[in-house]
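Trainee: The structure that follows is given in the form of structure tokens.
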Amino acid sequence: MTAYAAAHLRSVDFGPDIVRYLQEIDATLDEFGGRFLVHGVDPEVVEGPFPGNLILVEFPDIEHARAWYASPGYQAILPLRTENSDGVAILVEGVAPGYRATNFLAKVD
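Residue numbering for the sequence shown is 1325 to 1433, as defined by the numbering used here.
Now the structure itself:
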């Protein structure tokens, strides 16, 4: 099942370290089948506050997402982002085709 790496970066100190991070991250994704779905666009906020930006990367499955995040290549550049931004990052599995919101009710019963 498709999985995603998502980050909500509330603020970024855009300097040489972030430039280097951006120059090097694409190469870390290739081996794991990752590709950007959302990156570098201002969101259209329709409810509540949403400071900053959303980044969304798609992977073939959660194993590929975890392997990318833990990979030496990504871990080598990760501090360039974490030391120059304020935000959160998560890995999450997608849902199967045909999923309906009511499917969630089976999980809470």
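Glycine residues also receive a C-beta, built at the ideal position from the N, C-alpha and C atoms.
(1) Go ahead and label residue 1372 buried or exposed: buried means 16 or more other beta carbons lie within 10 angstroms of its beta carbon, across all protein chains shown.
(2) Between residue 1330 and the rest of its own chain, which residues show a CB-CB distance below 6 Å, the 5 nearest in sequence each way excluded?
(3) With a threshold of 6 Å, establish whether the CB of residue 1375 neighbours any heavy atom of the ligand ADP.
(4) Which same chain residues end up closer than 7 Å to residue 1416 when comparing Cβ atoms and leaving out the 5 residues on each side of it in sequence?
(5) What are the start and end residues of the alpha helix (DSSP H) that includes residue 1387?
(6) Can you look up residue 1338 in the DSSP assignment and give me helix, strand or coil?
(7) Starting from residue 1420, trace the beta strand (DSSP E) in both directions and tell me its first and last residue.
Mentor: So, from the data block:
(1) exposed
(2) 1380 and 1414
(3) In terms of ligand content, the structure shown is empty, and the ligand ADP therefore cannot be addressed.
(4) 1327, 1328 and 1330
(5) 1386–1394
(6) coil
(7) Annotation: residue 1420 is outside any beta strand (DSSP E) and is labelled neither H nor E by DSSP.
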